[in-house]
């Protein structure tokens with residue numbers, strides 16, 4: 006009789022543990038989804054403002070074309086080309102805004118102040134969103150590698166999470182501009 | 002935005018994390034946000050209107066020193082109630098890896114949680130043992146912030162994952178606008194920090210002082226901070242002791258005036274620093290900085306361009322650098338200017354905007370914060386309490 010009770014108790018405990026782990030994994034997948042949505046939103050925002058600046062006529066024609074091409078490609082890139090296209094947009098932004106003079110040109114145009122601020126915010130937030138996303142991916146992967154999770158297939162049909170790898174280094178001139186625009190003088 | 006901030010350490014005990022939380026909360030409130038801070042405090046301590054007490058913190062030995070921590074059913078219940086009543090859009094918890102309120106909040110809540118890691122403690126055995134318990138709680142943090150590149154590195158080594166670096170904020174205006182005090186001017190070196198805490202490095206500075214005085218006999222050393230003054234000067238030749246002035250514990254206002262007055266600020270700390278807020282304060286006040294080359298300090302000083310660095314614990318190098326700087330007004334002026342330029346990134350307006358950007362990134366499209374009913378066994382079996 007006692008054996009039966011013991012077996013029952015142990016099975017209940019195992020079931021609780023499995024259900025708790027499944028819940029934990031579920032929460033991690035939800036976190037990845039939210040982080041991915043946030044990253045998509047930030048990338049889209051950056052591409053849009055880059056495209057807007059490229060077509061506004063405040064930059065020289067060569068810079069405008071480089072920026073337009075990269076922003077356009079980033080917006081339309083399919084999933085498997087996305088990381089490359091977004092990295093290329095980062096490089097284009099760095100090339101175009103290598104000098105502070107270009108940033109000043111944008112700011113001096115009518116309504117340019119707002120555009121410049123939006124660009125600064127966008128290039129600052131893409132790396133943030135990407136780090137949060139990849140952090141969530143790492144946490145989920147760590148749990149999914151557990152033996153229990155693999156044996157009992159607790160992850161269900163959720164695809165194995167992949168990190169988003171890209172070059173997201175912001176242009177140096179914009180960094181300085183950000184420190185000045187939000188500094189105590191304003 | 003409705004923001005809930007959790008401070009793990011007692012509100013009535015002064016400390017870096019507490020000051021950071023206070024300044025952050027006040028900055029966000031000024032920007033028009035709705036902020037509530039949950040912090041341990043004695044029930045009879047007067048608290049600002051935005052602080053909610055989580056009960057008294059209990060002193061327990063932890064990790065080699067006595068820490069004041071919150072745990073147990075009562076604290077957990079208060080955390081749950083605060084999360085439930087606050088109806089926050091985002092929770093910002095500080096020092097989540099310490100066994101305290103922040104960790105309890107991680108258990109009790111779900112939704113967008115931001116965590117700031119302040120210290121860069123070496124990995125403790127308790128942390129390794131608690132890893133299976135810690136990890137599920139820390140997994141709930143959707144965005145991690147580290148206060149320096151150094152803190153981020155230790156975080157990545159110990160817990161894995163990644164974090165964005167947002168430095169601690171300083172209200173630069175308070176320091177830049179402070180009135181210099183005439184009696185603290187004229188060939189003065191400043192030091193702020195606990196006298197009897199060797200890690201703050203006063204002994205190194207005392208070893209260097211005879212050489213500095215030999216080259217520049219008019220130099221005075223102003224020391225602000227608690228501790229035994231007699232013991233501090235014991236190693237110094239008797240005739241040099243009157244060149245050291247002890248100011249004791251100074252008010253925030255006097256600290257700003259001191260930093261504004263001195264010709265050179267020296268930070269000889271020998272370790273245990275993850276950020277170095279005092280350097281930012283000194284630079285905001287326009288004081289040229291000479292600091293030991295700890296990782297954290299080197300980063301705050303932009304690798305040595307915003308202030309000078311000397312090899313850690315090397316009193317001779319410290320003396321040589323101090324003598325050279327005090328005899329070169331042009332270099333001091335240059336450091337003043339570079340420092341003031343450099344500290345803008347630590348001003349609350351910049352730091353606050355970055356923290357808000359983090360909040361916006363994690364709340365976009367996410368649900369609001371709610372008590373996590375799944376956390377408890379009872380909730381799991383359908384006996385949810387709320």
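Residue numbers (this note's numbering), protein chains in the order written: chain A, 6 to 191; chain B, 2 to 387.
Every residue gets a Cβ at the ideal spot worked out from N, C-alpha and C, and that includes glycine.
How would you label residue 232/B, buried or exposed, when you count the other beta carbons within 10 angstroms and need 16 or more for buried?
Exposed is the call here.
Residues of chain B with CB closer than 9 angstroms to the CB of residue 140/A, please, in chain order.
Within 9 angstroms Cβ-Cβ: 142, 143, 144, 145, 161, 162, 163 and 164.
Closer than 7 angstroms by beta-carbon distance: list the chain A residues that pair up with residue 359/B, in chain order.
Neighbours of residue 359/B on chain A, chain order: 133.
Output yes or no for whether 8 angstroms exceeds the beta carbon distance between residue 40/A and residue 143/B.
Closer than 8 angstroms, so yes.
Could you spell out the range, first to last residue, of the beta strand (DSSP E) harbouring residue 221/B?
Note, residue 221/B: beta strand (DSSP E), 221 to 225.
If we ignore side chains and look at the alpha-carbon of each, how far apart do residue 149/B and residue 179/B end up?
Going by the C-alpha atoms only, they are around 27 angstroms apart.
For a contact meaning CB atoms closer than 7 angstroms, what does residue 137/B contact in chain A?
In chain order: 29.
Confirm the yes/no value for this check: CB of residue 71/B, any heavy atom of the ligand FAD, distance under 7 angstroms.
The ligand content of the structure shown is nil, which means the ligand FAD is not present either.
Considering residue 4/B, what are the terminal residues of the beta strand (DSSP E) in which it resides?
From DSSP, the beta strand (DSSP E) with residue 4/B extends over 3 to 7.
Contact defined as beta carbons within less than 8 angstroms: I believe residue 307/B pairs with residue 340/B. What is the distance between those atoms, to the nearest angstrom?
About 5 angstroms; that satisfies the 8 angstroms criterion.
Is the shortest distance between the beta-carbon of residue 306/B and the beta-carbons of chain A less than 8 angstroms?
It does not; no Cβ of chain A falls within 8 angstroms.
For the beta strand (DSSP E) containing residue 26/A, list its first residue and its last residue.
Looking at the DSSP string, residue 26/A is not in any beta strand (DSSP E); the run it does join, the alpha helix (DSSP H), is 7 to 60.
Measuring only the C-alpha atoms, how far is residue 29/B from residue 216/B?
Each residue's alpha carbon lies about 49 angstroms from the other.
Quick one: grab the DSSP three-state call for residue 84/A.
Three-state result, residue 84/A: helix.
Rounded to the nearest angstrom, what separates residue 239/B and residue 153/B at their Cα positions?
Going by the C-alpha atoms only, they are around 45 angstroms apart.
Establish whether the CB of residue 155/B and some CB of chain A are separated by less than 8 angstroms.
It does not; no Cβ of chain A falls within 8 angstroms.
In three-state terms, what does DSSP make of residue 114/B?
Note: residue 114/B maps to strand in three-state DSSP.
In whole angstroms, give me the CA-to-CA distance for residue 377/B and residue 12/B.
Because residue 377/B carries a pLDDT of 49, less than 50, the predicted location of this residue cannot be relied on, and no value is offered for it.
Where are the alpha helix (DSSP H) runs, 4 residues long or more, that stay fully inside the stretch 183 to 236 of chain B, in chain order?
Whole alpha helix (DSSP H) segments, 4+ residues: 203 to 216 and 230 to 234.
Have a look at residue 354/B and residue 44/B and give me their C-alpha separation to the nearest angstrom.
Residue 354/B and residue 44/B: Cα-Cα distance of roughly 33 angstroms.
For the stretch 79 to 154 of chain A, which segments carrying the alpha helix (DSSP H) assignment without a break, of at least 4 residues, lie completely within its bounds, in sequence order?
Entirely contained in the stretch 79 to 154 of chain A, the alpha helix (DSSP H) runs reaching 4 residues are, in chain order, 84 to 101, 105 to 113 and 117 to 149.
Along the chain, where does the beta strand (DSSP E) containing residue 309/B start, and where does it finish?
309 to 311 is the extent of the beta strand (DSSP E) around residue 309/B.
Can you give me the Cβ contacts of residue 300/B inside the same chain, cut-off strictly under 6 angstroms, excluding the 5 residues immediately before and after it?
Only 149 and 150 meet the Cβ criterion.
Check the Cβ-Cβ distances between residue 365/B and every residue of chain A, and say whether any is below 8 angstroms.
Chain A contact via Cβ: present.
Starting from residue 33/A, find everything on chain B with Cβ-Cβ shorter than 8 angstroms and list it in chain order.
Near residue 33/A (Cβ distances below 8 angstroms), the residues of chain B are 140.
Could you compute how far the alpha carbon of residue 269/B sits from the alpha carbon of residue 205/B?
The straight-line gap from Cα to Cα measures roughly 7 angstroms.
Going by DSSP, name the residue or residues bridged to residue 146/B.
According to DSSP, residue 146/B bridges with 117/B and 165/B.
If you measure from the beta carbon of residue 157/A to each beta carbon in chain B, is any gap under 8 angstroms?
False, the Cβ-Cβ gap to chain B never drops below 8 angstroms.
When the Cα atoms are used, what is the spatial distance from residue 264/B to residue 209/B?
Their Cα atoms are separated by approximately 17 angstroms.
Among all the DSSP beta bridges, which residues are the ones paired with residue 265/B?
Paired residues: 190/B.
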